[in-house]
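Chemist: Residue 408 is where the sequence shown starts when you use the numbering used here, and the numbers rise one by one after that.
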Amino acid sequence: MKLAARTATALGLGMTLIGSAWAAPAARHEGTWSVSMVTDSGVCDASYNYSIAIENGNVRYLQAPGDSPTTVSGRIGLDGNVDLDIRRSIAKVDAQGRLNGKSGSGTWTLGMLGCSGRWNAQKRA
408 MKLAARTATA
418 LGLGMTLIGS
428 AWAAPAARHE
438 GTWSVSMVTD
448 SGVCDASYNY
458 SIAIENGNVR
468 YLQAPGDSPT
478 TVSGRIGLDG
488 NVDLDIRRSI
498 AKVDAQGRLN
508 GKSGSGTWTL
518 GMLGCSGRWN
528 AQKRA
């Protein structure tokens with residue numbers, strides 16, 4: 408169950424952030440982001456904290472030692488809207504929200520466990 412619960416946080420994940428379909432808006436979001444996820448309902452852990460790197464418009468989950476491989480895909484619109492798909496093992500998290508140059512926020516769901524919550528992201532200097 409912890410593996411599936413951690414998948415929800417990769418939202419962070421990716422929490423926050425995006426796949427390879429970024430164009431011009433990517434530059435303002437490039438860098439390392441700290442993502443914080445809070446579970447509002449379901450059996451997932453209460454909160455998670457992760458790091459994500461955005462480089463050349465691609466999102467990379469900064470995997471902690473012992474974590475399972477995580478795949479992040481999705482997009483960010485010209486207006487900063489985020490739509491992510493985060494997968495770890497058999498668990499899939501859907502995340503939506505909005506980024507600006509230095510922060511972001513949104514919601515996430517992990518349907519197979521009935522979990523949902525919110526995420527916040529801060530760009531590191």
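Glycine is no exception: its CB is placed at the ideal position from the N, C-alpha and C atoms.
Name the DSSP beta bridge partners of Asp-501, please?
Modeler: For Asp-501, which the question treats as bridged, DSSP gives the partners Asp-492 and Thr-516.
Chemist: Does DSSP put Arg-435 in a helix, in a strand, or in coil?
Modeler: It is helical.
Chemist: Rounded C-beta distance between Asp-490 and Gln-470? I'm assuming under 8 Å.
Modeler: Contact flag wrong, Cβ pair sits at about 22 Å.
Chemist: In its own chain, which residues sit with a C-beta less than 8 Å from the C-beta of Gly-513, not counting the 5 before and 5 after it?
Modeler: Correct list, in chain order: Thr-423, Val-489, Ala-502, Gln-503, Gly-504, Arg-505, Arg-525 and Trp-526.
Chemist: Hey, how far is the Cα of Leu-520 from the Cα of Gly-481?
Modeler: Straight-line Cα distance between these residues: approximately 21 Å.
Chemist: Report the three-state DSSP secondary structure of Ala-460 (helix, strand or coil).
Modeler: Correct three-state label for Ala-460: strand.
Chemist: Taking the beta strand (DSSP E) that Cys-451 belongs to, which residues open and close that run?
Modeler: Run containing Cys-451: none; DSSP gives neither H nor E here.
Chemist: So what's Lys-530 in DSSP terms, helix, strand or just coil?
Modeler: Strand.
Chemist: In the structure shown, what three-state DSSP assignment does Thr-477 receive?
Modeler: Three-state DSSP puts Thr-477 in coil, outside helix and strand.
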